[in-house]
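Here the sequence shown stands for residues 111 to 478, numbered as in the numbering used here. Where is the CB? At the ideal position from N, CA and C, for every residue including glycine. Before any comments, here is the structure.
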Amino acid sequence: MKINGKNFTTIWESDDSQSVEIIDQRLLPYVLEVKTLRTYQDVVVAIKTMMVRGAPLIGVASAYGMYLACLEASIRNDEFIDFVEKAGREIISSRPTAINARWAVGKVIDAVKSSNNYEGSIEQALKIARGIAQDDINSCKLIGKYGLEIIEKIVENKGNETINILTHCNAGWLATVDWGTATAPIYMANERGIKLHIWVDETRPLYQGAKLTSWELFQEGISNTIITDNAGGYIMQKGLVDLVIVGSDRTTIDGFVANKIGTHLKALSAYDNNIPFYVALPSSSIDWSMNIDAKDIPLEVRSEEEVLIVSGWNGSEIKELELTYKGANALNYAFDITPPKLVTALITERGICKPNREDILKIFPDEI
Ligand code: MRU
């Protein structure tokens with residue numbers, strides 16, 4: 111999608127394919143800075159500190175991290191596979207909730223193991239990383255196509271009136287390679303000339319809504335309004351929301367949706383107000399373990415500093431400020447779980463399905 115009229119993706123290879131370039135999302139929307147990741151440890155730091163973030167992008171970065179680990183392992187002449195597997199464990203634990211990291215690391219390790227020399231393994235790792243990046247773009251486009259059908263149905267009932275969509279956090283193109291999950295239907299509806307307005311939850315404590323989603327929609331010329339995290343319920347009661355679309359870091363086979371903290375409250379309010387609540391996600395964000403309980407999903411708890419220190423632009427640089435008094439305690443749950451009874455449907459690259467095992471496996475029979 112566009113930044114100042116120029117097309118970007120969130121991640122790409124350097125010209126010699128020996129490193130990976132990313133947009134440092136910690137600095138957006140104030141500064142557009144590209145960072146180069148040369149080692150898998152760089153990738154771990156980029157994921158941990160949220161230079162790259164959003165489940166699908168974490169998956170793509172993880173795959174490239176594994177490729178960089180392969181390059182490093184061959185130079186070091188260590189036990190190749192031990193080194194690569196250790197890198198995989200570090201990458202997966204750098205942000206534990208998004209299942210995409212585990213999925214991507216697993217794919218690279220399988221490919222690397224099927225090769226019998228360094229060169230072949232490196233080649234395989236790069237091929238898998240490229241494939242995951244391209245599949246992510248394709249999946250988001252398909253999610254956009256299926257999600258557009260939902261928006262078009264609302265247009266049939268509402269006529270020429272503006273469609274109001276509420277979203278939480280950033281499940282936009284910045285959370286993927288391009289297009290986004292929750293935003294792909296929005297971008298496609300916008301291309302069709304459908305009149306849209308997006309309510310953007312600011313998303314405390316890191317403000318991915320206010321700083322990333324609102325900004326990327328603005329860059330595409332889509333009307334949007336930032337609201338405080340607590341305002342969504344009232345706006346829904348007032349009849350100002352036609353549908354909610356959010357993303358997911360991990361959805362279980364039984365349709366329990368782990369996503370940014372606060373998603374559950376929006377789902378409750380949507381349910382209470384009879385507003386459709388959709389979760390847009392690629393299959394790489396589905397946890398295919400057949401016996402996983404939602405309670406087993408590792409929900410990341412981040413530092414209390416993220417709650418107690420706020421950062422913003424003072425006109426010339428990014429500045430940090432203390433939110434409250436010294437010594438205040440804070441607890442920073444980064445994700446919550448929305449049960450399937452509150453979810454209207456999942457929008458995936460294979461189509462729309464109810465959030466339950468039977469319906470999910472109907473469109474993904476290959477996962478049985
Ligand atoms: O902590 P973040 O910014 O990585 O959280 C992002 C979200 O919660 C997104 O909704 C989720 O990763 C889905 S992104 C398509």
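- Query: Would you say the stretch 331-345 touches the stretch 436-451, given that touching needs at least three Cβ pairs under 8 angstroms?
  - Reply: no
- Message: Please list the terminal residues of the continuous beta strand (DSSP E) segment that includes residue 355.
- Response: 353-356
- Using 8 angstroms as the Cβ pair cut-off and three pairs as the minimum, do the stretch 168-179 and the stretch 209-224 touch? yes
- Would you mind listing the alpha helix (DSSP H) stretches within the stretch 123-181 that are 4+ residues and don't spill past its ends, in chain order? 150-158
- Reducing DSSP to helix, strand and coil, say where residue 363 ends up. coil
- Message: Between residue 293 and the ligand MRU, is there a pair consisting of the residue's CB and a ligand heavy atom that are separated by less than 6 angstroms?
- Response: no
- First and last residue of the alpha helix (DSSP H) that includes residue 416? 415-418
- Message: Buried or exposed for residue 177, going by 16 or more other Cβ atoms inside 10 Å?
- Response: buried
- Query: With residue 467 and residue 364 assumed to form a contact (beta carbons below 8 angstroms), what rounded beta-carbon distance in angstroms separates them?
  - Reply: 6 angstroms
- CA-to-CA distance, residue 452 to residue 385, given in whole angstroms: 10 angstroms
- Message: Would you say the beta carbon of residue 285 is closer than 6 angstroms to some non-hydrogen atom of the ligand MRU?
- Response: yes
- My guess is that residue 458 and residue 392 are in contact by the Cβ rule of under 8 angstroms, so how many angstroms apart are they, rounded? 7 angstroms
- Using only the heavy atoms of the ligand MRU, determine whether one of them is closer than 6 angstroms to the beta carbon of residue 210. no
- Message: Suppose the cutoff is 6 angstroms on Cβ atoms and the five residues either side in sequence are ignored; what does the same chain contact list for residue 246 look like?
- Response: 166, 170, 286 and 287
- Near the ligand MRU: residue 357 beta-carbon under 6 angstroms from a heavy atom: yes
- Item | Of the residues 277, 328 and 295, the one placed nearest residue 259, counting alpha carbons only | 295
- Query: Would you say residue 310 and residue 293 are within 7 angstroms of each other, going by their C-beta atoms?
  - Reply: no
- Item | Same chain, Cβ closer than 7 angstroms to residue 443, five either side skipped, listed in chain order | 371, 409 and 411
- Count the other CB atoms, across all protein chains shown, that sit within 10 Å of the CB of residue 283; report buried if there are 16 or more and exposed otherwise. buried
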